[in-house]
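Visitor: Numbering (the working numbering), first residue to last: 33 to 229.
Beta carbons are placed, not taken as given, at the ideal position from N, Cα and C, and that holds for glycine.
1. Please check the pair residue 150 and residue 200, which I expect to be a contact at CB under 8 Å, by giving their CB distance rounded to whole angstroms.
2. Compute the Euclidean distance between the alpha carbons of residue 76 and residue 103, then round it to the nearest angstrom.
3. With a cut-off of 8 Å on the beta carbons, I'd call residue 223 and residue 159 a contact; round off their distance for me.
4. Look at residue 50 and residue 89 and say whether their C-beta atoms are less than 7 Å apart.
5. Between which two residues does the beta strand (DSSP E) containing residue 94 stretch?
6. Would you check if there are 3 or more beta carbon pairs closer than 8 Å linking the region 66 to 74 to the region 161 to 173?
7. Between 78, 129, 207, which lies nearest to residue 107 when the distance is taken from Cα to Cα?
8. Can you check which of these residues, 156, 133, 55, is closest to residue 45 by C-alpha distance?
9. Using the rule of at least 16 other Cβ atoms within 10 Å of the residue's Cβ for burial, across every protein chain shown, is residue 42 buried or exposed?
10. CB-CB under 6 Å to residue 233, same chain, minus the five flanking residues each way: which ones, in chain order?
11. In three-state terms, what does DSSP make of residue 51?
12. Report the CB separation of residue 64 from residue 178 in whole angstroms; it is logged as a contact under 8 Å.
13. If you reduce the DSSP assignment to three classes, tell me which class residue 44 lands in.
14. Would you mind sorting residue 38 into buried or exposed? The rule is 16 or more other CB atoms within 10 Å of its CB.
15. Can you give the Cα-Cα distance for residue 180 and residue 193, rounded to whole angstroms?
16. For residue 48 and residue 146, I'd like the C-alpha separation in whole angstroms.
17. What residues in its chain sit with their C-beta under 6 Å from that of residue 54, if we drop five residues either side in the sequence?
18. Hey, does residue 121 have any beta-carbon neighbour from chain B nearer than 7 Å?
19. With respect to the alpha helix (DSSP H) encompassing residue 209, which residues constitute its N-terminal and C-terminal limits?
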């Protein structure tokens, strides 16, 4: 696989990866929680998050790397790729300690696709949330607890950019309605050249 392009400030990205040799990166409920806790600690100060989905052996994130002037000065010397790399390494080290394993947990390098249009952004959010159903983990993606779907449509506190997402869809109801249509394979292929199993 060729080296991916550098992650840049002020750009939107679909960031995704899977376990090395397609192994599970989440085994118990506490793993999902810990991943999100470390993400909030190590990535949220540096990037806005619009959607996520954590599956047994892979994950998807839709983010915008903040402008330098939006980032705390203590974080400004870090390169965006380093921020995500540090997060993945922190999770992998904790996971390895927890399960008495060694070696790489994630495939390297992690994948990233620049999100270049509003249509790409909105379709990607639907794709990310429908992923558990697509891969057969649940019959209805709305029953998968480890995605941002319910947080985006809810009213509780969230670190997600909820209002931005709702506005891009033209309201909460259009956001919900867009999720009611299962994406076709051709749409998926256009969004993610290498869809994970």
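Guide: Straight from the coordinates:
1. Correct: roughly 6 Å between the Cβ atoms.
2. Cα to Cα, the separation comes out at about 10 Å.
3. That belief holds up - the Cβ atoms of residue 223 and residue 159 are roughly 5 Å apart, short of 8 Å.
4. Yes; because the gap between Cβ atoms is below 7 Å, this pair is in contact.
5. It spans 90 to 97 - the beta strand (DSSP E) in which residue 94 sits, taken as one unbroken run.
6. No: the two stretches stay apart, fewer than three of their Cβ pairs being nearer than 8 Å.
7. Considering only alpha carbons, the answer is 78.
8. Nearest option by C-alpha distance: 156.
9. Counting Cβ neighbours within 10 Å, residue 42 comes out exposed, since fewer than 16 surround it.
10. No information on residue 233 is available, as it lies outside the stretch 33 to 229 that the chain covers here.
11. Residue state, collapsed to three classes: strand.
12. Confirmed, about 5 Å.
13. In the displayed model, residue 44 falls within a strand according to three-state DSSP.
14. By the 10 Å Cβ count, residue 38 comes out exposed.
15. The straight-line gap from Cα to Cα measures roughly 11 Å.
16. Taking the straight line joining both Cα atoms gives about 12 Å.
17. Counting only Cβ-Cβ distances below 6 Å, and skipping sequence neighbours, we find 89.
18. No chain B is present in this structure, which holds just one protein chain.
19. First-last of the alpha helix (DSSP H) with residue 209: 204 to 210.
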